[in-house]
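Residue numbers (UniProt numbering): 1 to 378. All C-beta atoms, glycine included, are put in the ideal place defined by N, C-alpha and C. Keep in mind that this is a model prediction, so the values were computed, not measured. The structure appears right after this line, and notes come after that.
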C-alpha cells in the first residue's frame, strides 16, 4: 500500500485564498468520479458549495478531509480522494454523515481505506456513535451480482470497490436511492403530457388547494409554513432503518437554510400547495440551480403531509415546477433527483413524468461503538 497523508481542509476566506487547494482538489476528484460513472459531472460538488459548507454554520458542522501521497506538496492536482463529514449540531447528536470518493486513476491503492478511517476518526472526534456513509454507483445491469439493502429495497453493484469496502468494515446497506434524470428542453409532445398530468392533478385536488411559488429566499408569510414542512420532511419520508431523528425547524432555521443556499451559489425555486380553508402549506417541492453550471439543476425535497395525501398534490406541485423551470432557466438541460427505492409513490410520479434511471446511491450505516474487527476486503 502506498503511504498517504490526510489533510484537514480549512475554510477559504476568499476565492484566491491559498487554502482553496484542498477544496478545489477535492471537487476536481469528485468531478472525475462522476464523469467516469455518468459521463458528466452535474452532481459533483462545486468549490463554492464546499467552501460554504466549511464556514461556521448554526445547524451543521462540516469537515473536509483530503488525501495526498506522502511527501507531495499541497496542490490541487495532488488530491487523490476526499471525505466530507457532516454532523448536525442542534439535533441527531448521535449522528455523522459522510461521503467519500477516490479519483479514478488512484483506485486500488488503499485510498478508500484511508478515507474511511479518517471519516470514522472525524465522527468519533465529534462524539458521534452512528456513521452513515454514502456511496455513488452506476445502476446495476440485469443479472449482475448485487448487494441488497437489508431494511429498505434496491441494490448496488456487488463488485464495486465501495460496496466491498463498506461490507468488510461492518457497514450495513440500509437504504438505496435511485438517481434519476429529467431532460430539457421539452418538445411539444412532452410539454403537452406534463400539462395534461398537471390539469388532471388539479381536478383531483379541487378547490380546496391553491399553488404558491417563489424563487430565492422564502417569503416572510411562508416561513412558519415551510418550517412545518421541513420538520415533517425529516420524519415522514422513507428512511428504512437509518438512525435518523426528527429535525425541528422554525422560521429562523428556514432563513438560515436559505442563506446557505445563496452562499453555495445556488438559486432555489419552490412550488407549494396551500390548503385554502386553513391557509396551511401542505405540500412542496424544491429545485436548486447553480448559475455557474446552467445546464444542471437538482430536485431537493418533495413532500405531501400525511393528512392531505390522496389528492394528487405531489403530482400537482411537481408538474407545476417542471412547467415553470423552462421559463426560469432557459439553459437548463438536466434535472437530477434522488429517491428512496421504497418510495413507490414518488418514484411512480417521476416515471410517469419521464424521469429515467441514471444510477444508485447506497446509504451504509455502522455503529462506531460496536465491537468487531474489520474483515479483509474481498
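Item	Value
Quick one: measure Cβ to Cβ for residue 54 and residue 64, integer angstroms, because I've assumed they're closer than 8 angstroms.	6 angstroms
On the criterion of 16 or more Cβ atoms from any shown chain inside 10 Å, does residue 329 qualify as buried, or is it exposed?	buried
According to DSSP, is residue 65 helix, strand or coil?	strand
Please report how far the alpha carbon of residue 373 lies from the alpha carbon of residue 113, in whole angstroms.	Since pLDDT at residue 373 reaches only 44, below the 50 mark, its modelled position is unreliable, and the value read off the structure follows with that caveat. Whole-angstrom Cα-Cα distance: 14 angstroms.
Could you please give the first and the last residue of the uninterrupted beta strand (DSSP E) stretch that includes residue 183?	172-183
In chain order, what residues of the same chain have a beta carbon less than 7 angstroms from the beta carbon of residue 354, not counting five sequence neighbours either side?	182 and 190
With respect to the beta strand (DSSP E) encompassing residue 385, which residues constitute its N-terminal and C-terminal limits?	The first residue shown for the chain is 1 and the last is 378, placing residue 385 beyond what the model contains.
For the beta strand (DSSP E) containing residue 135, list its first residue and its last residue.	130-138
Using 8 angstroms as the Cβ pair cut-off and three pairs as the minimum, do the stretch 237-251 and the stretch 85-94 touch?	yes
If you check the beta carbons only, do residue 308 and residue 273 fall under 9 angstroms apart?	yes
Cα-Cα, which of 233, 367 and 219 is closest to residue 251?	219
For residue 211, which of 141, 121, 34 and 319 has the nearest alpha-carbon?	319
With respect to the alpha helix (DSSP H) encompassing residue 16, which residues constitute its N-terminal and C-terminal limits?	Taken as a continuous stretch (DSSP letters only), residue 16 belongs to no alpha helix (DSSP H), as it is neither H nor E.
In its own chain, which residues sit with a C-beta less than 7 angstroms from the C-beta of residue 171, not counting the 5 before and 5 after it?	133, 364, 365 and 366
What is the rounded straight-line gap between the Cα of residue 375 and the Cα of residue 311?	Note that residue 375 scores a pLDDT of 49, beneath 50, so its modelled location is shaky and nothing firm can be said.
According to DSSP, residue 89 sits in a beta bridge with which residue or residues?	Note: residue 89 sits in no beta bridge, so no partner.
Below 8 angstroms on the Cβ atoms is my guess for residue 76 versus residue 86; work out the distance and round it to an integer in Å.	Contact flag wrong, Cβ pair sits at about 23 angstroms.
Can you give me the Cβ contacts of residue 138 inside the same chain, cut-off strictly under 6 angstroms, excluding the 5 residues immediately before and after it?	37 and 359
Can you have a look at residue 33 and say buried or exposed, based on whether 16 or more other CB atoms are within 10 angstroms of its CB?	buried
With the cut-off set at 9 angstroms, would you say residue 131 and residue 123 are in Cβ contact?	yes
If contacts are defined as beta-carbon pairs under 8 angstroms, then residue 399 and residue 254 qualify, I think. What distance do you get, rounded to the angstrom?	Residue 399 is absent from the model: the chain starts at 1 and stops at 378.
Considering residue 120, what are the terminal residues of the alpha helix (DSSP H) in which it resides?	111-125
CB residue 155 to CB residue 141, shorter than 9 angstroms?	no
Could you please give the first and the last residue of the uninterrupted alpha helix (DSSP H) stretch that includes residue 202?	188-205
Would you kindly work out how many angstroms separate the C-alpha atoms of residue 168 and residue 100, rounded to a whole number?	16 angstroms
Checking 9 angstroms against the spacing of the C-beta atoms, do residue 315 and residue 198 come in under that value?	yes
If we call anything under 9 angstroms between Cβ atoms a contact, is residue 461 one with residue 257?	Lying before the first or after the last residue shown, residue 461 is absent from the chain, which here runs from 1 to 378.
Considering just the uninterrupted stretch of the alpha helix (DSSP H) at residue 235, what are its terminal residues?	223-236
Helix, strand or coil, according to DSSP, for residue 301 in the structure here?	strand
For residue 378, collect the residues of the same chain with a Cβ closer than 6 angstroms to its Cβ; drop the 5 residues on either side in sequence, then sort them by chain order.	Since pLDDT at residue 378 reaches only 46, below the 50 mark, its modelled position is unreliable, and the value read off the structure follows with that caveat. Closer than 6 angstroms at the Cβ level, and outside the excluded window around residue 378, lie 164.
DSSP on residue 247, reduced to helix/strand/coil?	coil
How far does the alpha helix (DSSP H) with residue 7 in it extend, from its first residue to its last?	No alpha helix (DSSP H) contains residue 7, which is instead part of the beta strand (DSSP E) from 4-8.
Secondary structure at residue 370, three-state DSSP: helix, strand or coil?	coil
Closest to residue 80 by C-alpha separation, out of 61, 180, 234 and 3, would be which residue?	3
Give the DSSP-derived three-state secondary structure of residue 274 in the structure shown.	strand
According to DSSP, residue 333 sits in a beta bridge with which residue or residues?	Note: residue 333 sits in no beta bridge, so no partner.
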